[in-house]
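Colleague:
Numbering (our numbering), first residue to last: 26 to 460.
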């Protein structure tokens with residue numbers, strides 16, 4: 026067992042490799058599965074739209090508003106939610122989030138009017154608020170900065186996997202169960218995808234420790250090594266944000282919020298509207314649409330892992346964010362030239378999604394390079410909240426412009442331009458973010 030003096034001595038990151046791997050195996054798969062279900066919860070409405078829109082007589086603008094109302098409550102409650110997670114612990118709070126959003130997702134089955142759709146989407150956003158930034162904060166309690174690119178890539182891998190398997194799975198549910206016991210396929214989609222987070226929330230209550238100090242599967246030596254490695258990060262994390270409120274006033278946090286805004290605006294454009302773009306290209310069977318919509322996310326998963334690994338290995342963050350964003354902007358702009366050609370639609374959206382996915386784990390390393398403790402919880406939540414304003418605008422803007430002009434080209438070109446600005450901002454970040 027380590028003596029007190031040994032425990033207080035910072036250890037090289039390599040020394041905690043076995044302990045970090047143990048924590049990774051115990052925690053990250055459960056957290057990634059939660060993110061997978063969270064993302065499905067947000068975007069399953071994009072696939073459900075193929076049947077739900079005609080059943081409920083929704084216009085594209087009404088659908089876009091309903092999809093976007095999720096973000097109104099989500100944005101409003103993310104920072105308060107992350108303040109709570111620092112007080113009650115991640116195990117209890119993350120489980121609460123999952124169980125309540127699962128119940129509300131299943132309640133989508135009973136939607137019969139446009140206002141029902143809008144109300145429940147709003148409530149789902151309130152229930153889910155804080156899950157993603159809460160997990161990001163939780164991971165800073167377990168893994169040193171130098172390992173976080175790869176760790177975050179494994180967690181965020183839930184996003185492309187959700188889209189890769191979620192669309193085919195959802196399409197199969199909608200086709201196979203359509204009209205079973207009098208329910209439409211889209212209703213069965215919400216029933217199944219509501220039950221899953223409830224079950225996982227119960228697992229969280231049983232399996233997630235709040236911090237290394239309460240993990241029964243760590244030895245005293247492992248806790249000591251892990252604590253020492255995390256303490257080594259602490260001096261670099263004090264950037265005028267020692268308290269929760271101070272993080273909300275940090276100019277660097279707001280800059281990262283803008284960058285997240287640009288990325289999520291594009292992400293949700295792809296997630297909510299890609300099935301519609303594929304249908305516009307001549308594919309109408311939900312199962313086929315789901316399979317084709319999964320293709321960009323398969324390649325996105327590979328790009329995400331490769332870029333995070335390369336960034337950690339070279340201890341470089343800025344260009345591993347900027348270059349993917351610039352390529353994504355170019356690919357996204359080119360999608361406006363391929364609207365009616367299925368192969369080109371899939372190809373251009375695949376390139377755009379690969380680059381967008383690749384930058385995410387590297388980007389989410391940045392708040393942890395200058396924030397720690399409650400200030401990190403505040404910073405992650407504020408960045409995520411600002412970013413999700415992009416999700417709100419994207420879902421509504423695309424629907425509104427499609428109704429107005431018959432095409433989504435103007436909104437897509439705008440998203441591409443904002444990504445270019447974000448890439449420039451990434452390059453101008455201080456060198457300290459490369460830790």
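Built from N, CA and C at the ideal position, the CB exists for glycine as well.
Only counting the same chain, and skipping five residues up and downstream in sequence, which positions put a Cβ closer than 7 Å to that of residue 144?
Modeller: So the list is empty, once near-sequence residues are dropped.
Colleague: Under the three-state reduction of DSSP, which class applies to residue 208: helix, strand or coil?
Modeller: strand
Colleague: Would you kindly work out how many angstroms separate the C-alpha atoms of residue 262 and residue 394, rounded to a whole number?
Modeller: In this prediction, residue 262 has a pLDDT of 43, which is less than 50 and means its spatial position is unreliable; what the coordinates show is noted afterwards. Looking at the two C-alpha atoms, the distance is approximately 6 Å.
Colleague: Using a Cβ distance threshold of 8 Å, determine whether the segment 408-416 contacts the segment 369-383, with at least three qualifying pairs required.
Modeller: By the C-beta criterion, the segment 408-416 is judged not to be in contact with the segment 369-383, since fewer than 3 inter-stretch pairs fall below 8 Å.
Colleague: What do you get for residue 3, buried or exposed, if any count of 16 or more other CB atoms within 10 angstroms of its CB means buried?
Modeller: What is shown of the chain runs 26 to 460, which leaves residue 3 out entirely.
Colleague: Do residue 63 and residue 123 count as a contact pair if the criterion is CB distance below 9 Å?
Modeller: Contact flag set, yes.
Colleague: Would you report the Cα separation of residue 170 and residue 149, rounded to the nearest angstrom?
Modeller: 32 Å
Colleague: To which residues of the same chain is residue 32 closer than 7 Å at the C-beta, ignoring the five residues directly before and after it?
Modeller: For residue 32, the pLDDT reaches just 37, beneath the cut-off of 50, and the residue's location in the model is therefore unreliable, leaving the point undetermined.
Colleague: Using C-beta distances below 8 Å, list every residue in its chain close to residue 147, excluding the 5 sequence neighbours before and after it, in chain order.
Modeller: 94, 95, 97, 98
Colleague: Short check: CB of residue 304 to CB of residue 387, under 9 Å?
Modeller: no
Colleague: Go ahead and label residue 429 buried or exposed: buried means 16 or more other beta carbons lie within 10 angstroms of its beta carbon, across all protein chains shown.
Modeller: exposed
Colleague: Would you call the CB atoms of residue 217 and residue 55 closer than 9 Å?
Modeller: No; because the gap between Cβ atoms is not below 9 Å, this pair is not in contact.
Colleague: Is the segment 191-202 in contact with the segment 84-94, if contact means three or more CB pairs nearer than 8 Å?
Modeller: no
Colleague: Using CA coordinates, which residue listed in 154, 178, 407 is at the minimum distance from residue 329?
Modeller: 178
Colleague: Between the alpha carbons of residue 245 and residue 377, how many angstroms are there, rounded?
Modeller: Rounded to whole angstroms, the gap between the alpha carbons of residue 245 and residue 377 is 46 Å.
Colleague: Leaving out five residues before and five after residue 222 in sequence, what residues of the same chain have Cβ atoms less than 8 Å from its Cβ?
Modeller: 59, 62, 63, 66, 123, 124, 126, 127, 130
Colleague: Select from 83, 164, 104 the residue whose C-alpha is nearest the C-alpha of residue 115.
Modeller: 164
Colleague: Quick test of your reading: residue 185 and residue 71, contact by CB under 8 Å. State the CB separation rounded to the nearest angstrom.
Modeller: Contact flag wrong, Cβ pair sits at about 15 Å.
Colleague: So, at 6 Å on beta carbons, what are the nonlocal neighbours of residue 402 in its own chain, with the 5 sequence-adjacent residues on each side left out?
Modeller: 107, 111, 162
Colleague: For residue 384, count neighbouring Cβ atoms within 10 angstroms of its own Cβ and tell me buried if that reaches 16, exposed if not.
Modeller: buried
Colleague: So what's residue 80 in DSSP terms, helix, strand or just coil?
Modeller: Helix at residue 80.
Colleague: How would you write the range of the alpha helix (DSSP H) that residue 106 sits in, first residue to last?
Modeller: Looking at the DSSP string, the run of the alpha helix (DSSP H) that includes residue 106 is 85-113.
Colleague: Considering only the beta carbon of each residue, do residue 406 and residue 226 sit closer than 9 Å?
Modeller: no
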